[in-house]
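Since the structure comes first, as structure tokens, the remarks are kept for the end.
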Amino acid sequence: MHPPPDAPPLFLLCTASDEMASHASLMLYSAWNAVNRPVEMHIYAQGDHGFGMTPFGLPADTWIERFVDWLKGMHMI
Numbered sequence: 003m004h005p006p007p008d009a010p011p012l013f014l015l016c017t018a019s020d021e022m023a024s025h026a027s028l029m030l031y032s033a034w035n036a037v038n039r040p041v042e043m044h045i046y047a048q049g050d051h052g053f054g055m056t057p058f059g060l061p062a063d064t065w066i067e068r069f070v071d072w073l074k075g076m077h078m079i
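Positions 3 to 79 (the numbering used here) are the ones given, in order, by the sequence shown.
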């Protein structure tokens, strides 16, 4: 993957147990970082694919708060 120099900021999150998503997320993170584009990634230890749809009492349940924090830090909201 070769993102353009003007690629938009990227926020990534996944769980370590979701092997497909975690591998793809790492590749995207590396690609954005290689062209010095804003990128943030969170990998939660527990949670299945689609973890953000329903709370499970896990740290990953707070992903939306991390996303809002990132949006604020990027001055998008």
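Note that beta-carbon positions come from the ideal geometry of N, C-alpha and C, so glycine has one too.
Tell whether a beta-carbon distance below 8 Å holds between residue i and residue j.
i	j	result
residue 51	residue 23	yes
residue 72	residue 54	no
residue 77	residue 33	no
Using DSSP's beta-bridge definition, name the partner residues of residue i.
i	result
residue 17	46
residue 41	12
Going by Cα to Cα distance, which pick from the options is closest to residue i?
i	options	result
residue 28	45, 40, 39	45
residue 43	19, 62, 15, 34	15
residue 69	41, 47, 8	41
Can you grab the Cα-Cα spacing for the pair residue i / residue j, in whole Å?
i	j	result
residue 57	residue 11	27 Å
residue 35	residue 60	28 Å
residue 38	residue 30	12 Å
residue 62	residue 74	19 Å
residue 47	residue 20	10 Å
residue 18	residue 49	8 Å
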